[in-house]
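Student: Take this structure, written in structure tokens, and hold onto it; I'll ask about it next.
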Ligand code: F6R
């Protein structure tokens, strides 16, 4: 989704801004642009192609300057064309424009503001809500860009992170946030702003994270931060040890491939901190909070929602605590019956998903304050707004499709299950040891899936030319069927539907024809005999069957393809089937030649509703 970067320095900032844009590419975008003050004038270059094309234009135009802002745009208001690309200017012609702005988020009252500004003579060149901001800042500008931004903010409704500058104050950038992330990067004789610290990795390790309604005023040697009331505040500087090579592909063809293969390493890293099962793993306040809760409500979107669905099976069967799971965007607009003793578990890779963050705030507003976030970004808005957090430590996930973050979420949720079960006296010492052994065997079991890569590749080649695929699963493996289908949709652009195998005869069987490929997840569990009957129902209707199983008890029948998984780690088996689907969808996408890491229309961090 949109990415912001800004820099004020004593040296040329153009190469830094361009490099930062490359680091923001992973978020997904459909246009990009940069604005610089050169020889006392604002200059802007925008494009609807990749950053590399923008860079060529920057070089061709010999664009240099000591302060600038840049942006990657994921279209919301107005189609992805040059006129709508950021930065937006305000002035009555772009030549004498004095204000430039980049913006993430959505200004909800942009229509009425646009009308009012048009009436007093402002002309709009784009369909964006951002241009409204540019003109409003221009309207309030009276020699001090900070004051103009502070006044503007009083008049807007909605979510935003902005970076603004004015040609009359060439070495000053002002940033503000409300609902969209914004981080300050601290350099030597230079300072930066960005929507994501990843953008600034090459230039600094020192960051200050802005909170909602805060405003920052940056010059090369000064950082002033103000709260809603305009009072100057001090904020903690955080040192982030992010390697500048996190963005390197290494031996891999795609980030998705790299990230799938990182999974054993990530699980080993998480395991290092776990010697026994105890609530403090989720924060020092966790024992008190977990003690008093009587139910769990899990909220998330997309893949994070599916990991929540799996956790429901685990928590109810092992910890025996009533658990519900909801899509975050639905929960916040639904009438619910709040229970202050519910543990709210917020799942998000990015920690910035607008729907999930709003659901968190909604739960809080309803009086449910026991909030635990399971998140990959320690400095994110969701972690910030939560009482407890568990950081999944999956490292930067560049590919839009979640892979390693899904697996590390599941690991964390299983750990939470064990902690809750132990605290509620529903876990014997023997069971605890067995579950810990399962967790410890996970990295090796994941590697055993990787050793099947050649077979998975053959399956991938086969499914690559299909138009529709059905995936079936039961119980805790049904969410894996949903997640597998999501992966086929996202990166292969193949229509894939997931069903509980037991539900087929209640409707979906009508879709089965001679050439309808069906992938069945068939784990060796208590439902396997039932599943075998479901398989027969499909087989006699001539469905094309492909079975992924760890069971040795299947009769290898003609016309059924089998993929045999050797290890499952018992209750953790959904993780292994999930990784099998990641690799399968990846291989199919390779054969289809799609944009695997940046699928069409999708963004990594969904910071708008
Ligand atoms: C799918 C995928 C998305 C995200 C969803 C939530 O591969 O990546 O469905 O899971 O957008 O994002 P987070 O977890 O960042 O809140």
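In my numbering, the protein residues as written are 5 to 613. Using N, Cα and C, we set each Cβ at its ideal position, and we do this for glycine too.
Is there contact between the region 584 to 597 and the region 486 to 504, where contact requires at least three CB pairs shorter than 8 Å?
Tutor: Yes, they touch.
Student: In this structure, what does DSSP give as the bridge partners for residue 299?
Tutor: The count along the chain shown starts at 1 and reaches residue 299 at position 295. Its beta-bridge partners are 326 and 346.
Student: With a CB to CB cut of under 6 Å and the five nearest residues on each side skipped, what residues in its chain are close to residue 37?
Tutor: Within the chain shown, numbered from 1, the residue matching residue 37 stands at position 33. Closer than 6 Å at Cβ, skipping near neighbours: 50, 75, 89, 90 and 91.
Student: With three or more beta-carbon pairs closer than 8 Å as the criterion, would you say the region 463 to 474 touches the region 311 to 322?
Tutor: No, the region 463 to 474 is not in contact with the region 311 to 322.
Student: Do residue 136 and residue 159 have their CB atoms nearer than 7 Å?
Tutor: For the purposes of this step, residue 136 is taken as residue 132 along the chain shown, with counting starting at 1. For the purposes of this step, residue 159 is taken as residue 155 along the chain shown, with counting starting at 1. The answer is no: Cβ separation not under 7 Å.
Student: Can you tell which of 525, 477, 305 and 493 has its C-alpha closest to the C-alpha of residue 503?
Tutor: Counting from one through the chain shown, the residue named residue 503 turns up at place 499. Nearest of 525, 477, 305 and 493 to residue 503, Cα basis: 477.
Student: Going by DSSP, what residues sit across from residue 378 in a beta bridge?
Tutor: On the chain shown, residue 378 is found 374 positions in, with the first residue counted as 1. In the DSSP output, where bridge partners are listed per residue, residue 378 has 351 and 394.
Student: What three-state label does DSSP hand residue 289 in the structure shown?
Tutor: Locating residue 289 in the chain shown gives position 285, counting from the first residue. Reduced to three states, the DSSP call for residue 289 is coil.
Student: Mark residue 438 as exposed unless 16 or more other C-beta atoms lie within 10 angstroms of its C-beta, in which case mark it buried.
Tutor: Within the chain shown, numbered from 1, the residue matching residue 438 stands at position 434. Its Cβ having fewer than 16 others within 10 Å, residue 438 is exposed.
Student: Roughly how many whole angstroms lie between the Cα atoms of residue 62 and residue 86?
Tutor: In the chain shown, residue 62 corresponds to position 58, counting from 1. In the chain shown, residue 86 corresponds to position 82, counting from 1. Approximately 15 Å, taken between the alpha carbons.
Student: When every heavy atom of the ligand F6R is checked, does at least one fall within less than 6 Å of the C-beta of residue 305?
Tutor: For the purposes of this step, residue 305 is taken as residue 301 along the chain shown, with counting starting at 1. Checking the Cβ of residue 305 against the ligand F6R gives yes.
Student: For a test of the three-state rule: what should DSSP assign to residue 388, helix, strand or coil?
Tutor: As a first step, residue 388 must be located in the chain shown, where it is residue number 384. In the structure shown, residue 388 sits in a helix (DSSP, three-state: H, G or I).
Student: Quickly, what does DSSP pair residue 269 with across the bridge? List them, please.
Tutor: Here residue 269 corresponds to residue number 265 of the chain shown, with the count starting at 1. Its beta-bridge partners do not exist; DSSP assigns none.
Student: Quick check: what's the CA-CA separation for residue 390 versus residue 301?
Tutor: For the purposes of this step, residue 390 is taken as residue 386 along the chain shown, with counting starting at 1. For the purposes of this step, residue 301 is taken as residue 297 along the chain shown, with counting starting at 1. Computed Cα separation, rounded: 14 Å.
Student: Quick check on residue 177: does DSSP put it in helix, strand or coil?
Tutor: In the chain shown, the residue the question calls residue 177 occupies position 173. If DSSP states are grouped into helix, strand and coil, residue 177 belongs with the strands.
Student: Flag residue 432 as yes when its Cβ comes closer than 6 Å to any non-hydrogen atom of the ligand F6R, and as no otherwise.
Tutor: Counting from one through the chain shown, the residue named residue 432 turns up at place 428. Every heavy atom of the ligand F6R is 6 Å or more from the Cβ of residue 432, so no.
Student: Output the boundary residues of the beta strand (DSSP E) element that contains residue 45.
Tutor: Sequence index remark: in the chain shown, residue 45 carries index 41 (1-based). Here the beta strand (DSSP E) through residue 45 covers 45 to 51.
Student: Run the CB neighbour count on residue 167, radius 10 Å, all protein chains shown included, and call it buried at 16 or more, exposed below.
Tutor: For this step, residue 167 is matched to residue 163 along the chain shown. Looking at its Cβ environment, which holds 16 or more other Cβ atoms inside 10 Å, residue 167 is buried.
Student: Identify every residue that forms a DSSP beta bridge with residue 35.
Tutor: Sequence index remark: in the chain shown, residue 35 carries index 31 (1-based). According to DSSP, residue 35 bridges with 77.
Student: Within 10 Å of its beta-carbon, does residue 245 have 16 or more other beta-carbons around it, so buried, or fewer, so exposed?
Tutor: As a working mapping, residue 245 is identified with position 241 in the chain shown. When all chains shown are included, residue 245 counts as exposed.
Student: In its own chain, which residues sit with a C-beta less than 6 Å from the C-beta of residue 523, not counting the 5 before and 5 after it?
Tutor: The count along the chain shown starts at 1 and reaches residue 523 at position 519. Here the set comprises 475 and 550.
Student: In the structure shown, what three-state DSSP assignment does residue 610 receive?
Tutor: Taking the first residue of the chain shown as 1, we reach residue 610 at position 606. DSSP places residue 610 in coil when its eight states are reduced to three.
Student: So, for residue 541: in the same chain, excluding its five sequence neighbours on each side, which residues have a beta-carbon less than 8 Å away from its beta-carbon?
Tutor: By one-based count along the chain shown, residue 541 stands at place 537. Answer for residue 541: 508, 509 and 513, listed in chain order.
Student: Residue 276: buried (16+ other C-beta within 10 angstroms of its C-beta) or exposed?
Tutor: In the chain shown, counting from the first residue as 1, residue 276 sits at position 272. When all chains shown are included, residue 276 counts as exposed.
Student: What do you reckon, is the C-beta of residue 132 under 6 Å from a heavy atom of the ligand F6R?
Tutor: Start at 1 with the first residue of the chain shown, and residue 132 comes out as number 128. Outside the cutoff, so no.
Student: Can you check whether the CB of residue 341 is closer than 7 Å to the CB of residue 578?
Tutor: For this step, residue 578 is matched to residue 574 along the chain shown. For this step, residue 341 is matched to residue 337 along the chain shown. Contact flag unset, no.
Student: I need the DSSP call for residue 504, collapsed to helix, strand or coil.
Tutor: Position 500 of the chain shown, counted from the start, is the residue given in the question as residue 504. Three-state DSSP puts residue 504 in a strand.
Student: Spell out the partners DSSP gives residue 242 in its beta bridges.
Tutor: For the purposes of this step, residue 242 is identified with residue 238 of the chain shown, where counting begins at 1. Residue 242 pairs with 211.
Student: Please confirm whether any heavy atom of the ligand F6R lies closer than 6 Å to the CB of residue 353.
Tutor: Position 349 of the chain shown, counted from the start, is the residue given in the question as residue 353. Under cutoff, so the answer is yes.
Student: Say the cut is 6 Å; is the CB of residue 396 nearer than that to a heavy atom of the ligand F6R?
Tutor: Working through the chain shown from its first residue, we reach residue 396 at position 392. No, the Cβ of residue 396 stays beyond 6 Å of every heavy atom of the ligand F6R.
Student: By how many angstroms is the C-alpha of residue 407 removed from the C-alpha of residue 381?
Tutor: The count along the chain shown starts at 1 and reaches residue 381 at position 377. The count along the chain shown starts at 1 and reaches residue 407 at position 403. So the two alpha carbons sit approximately 15 Å from each other.
Student: Flag this pair as touching only if the region 178 to 194 and the region 211 to 227 have three or more C-beta atom pairs under 8 Å; answer yes or no.
Tutor: In short, these stretches touch, since the Cβ pair count reaches three.
Student: At which residues does the alpha helix (DSSP H) containing residue 315 begin and terminate?
Tutor: Here residue 315 refers to the residue found at position 311 of the chain shown. Here the alpha helix (DSSP H) through residue 315 covers 306 to 318.
Student: Within 7 Å of any Cβ in chain B, is that where the Cβ of residue 21 sits?
Tutor: Although the question refers to chain B, the structure presented lacks it and comprises just one protein chain.
Student: Could you check how far apart the C-beta atoms of residue 199 and residue 152 are, in whole angstroms? I think they sit under 8 Å.
Tutor: For the purposes of this step, residue 199 is identified with residue 195 of the chain shown, where counting begins at 1. For the purposes of this step, residue 152 is identified with residue 148 of the chain shown, where counting begins at 1. So it is not a contact: roughly 21 Å between Cβ atoms.
Student: Would residue 9 and residue 71 be called neighbours here (beta carbons separated by less than 7 Å)?
Tutor: As a working mapping, residue 9 is identified with position 5 in the chain shown. As a working mapping, residue 71 is identified with position 67 in the chain shown. In this structure, residue 71 does not lie closer than 7 Å to residue 9 by Cβ.
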